[in-house]
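Asks: In the working numbering, the protein residues as written are 549 to 661.
Idealized CB from N, CA, C, for every residue including glycine.
All of these numbers come straight from a predicted model, not from anything done at the bench.
1. Reducing DSSP to helix, strand and coil, say where residue 581 ends up.
2. Determine the contact status of residue 574 and residue 581, defining contact as a CB-CB distance below 9 Å.
3. Distance check for residue 595 and residue 650, CA to CA, integer angstroms please.
4. According to DSSP, simplified to helix, strand and coil, what is residue 633?
5. When DSSP labels each residue in this structure, what does residue 661 get in the three-state scheme?
6. Have a look at 640, 605 and 661 and flag the residue whose alpha-carbon is nearest the alpha-carbon of residue 553.
7. Count the other CB atoms within 10 Å of the CB of residue 561; is the residue buried (16 or more) or exposed (fewer)?
8. Is it a yes or a no for the segment 619-628 touching the segment 640-658, going by three-plus beta-carbon pairs under 8 Å?
9. Could you give the C-beta distance for residue 627 and residue 559, rounded to a whole number, given that I count them as a contact under 8 Å?
10. Looking at the unbroken alpha helix (DSSP H) that takes in residue 614, where does it start and where does it end?
11. I need the DSSP call for residue 652, collapsed to helix, strand or coil.
12. Throw me the rounded Cβ distance for the residue 567 and residue 635 pair, which I believe falls under 8 Å.
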């Protein structure tokens, strides 16, 4: 696997972590308690994913310049709403697709610079 593929996996991990944070928050709201088992499990899973992703990210930064790989993090702005659509039934506005196109163009330009 190339470093860029691993960096993309980090972005996916961060997006999954965000979804899990939302699952935890929703469960805390529903149960009225931060000590809800479902909330605690989701929160712990999110923190673990963030921890592993951070360690892998440091490894990536040993291999690639930050300015070349960091633009890939913008993909999280695409993946998190898509995940929230499937997990929580959130809907997209038309502007979202324009934003996705602009983000993709920006990522391509920045990574190839």
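Replies: Reading from the atomic positions:
1. coil
2. no
3. 30 Å
4. In the structure shown, residue 633 sits in a helix (DSSP, three-state: H, G or I).
5. coil
6. 605
7. Around the CB of residue 561, 16 or more other CB atoms lie within 10 Å, so the residue is classed as buried.
8. yes
9. 7 Å
10. Taken as a continuous stretch (DSSP letters only), the alpha helix (DSSP H) holding residue 614 covers 614-617.
11. helix
12. 6 Å
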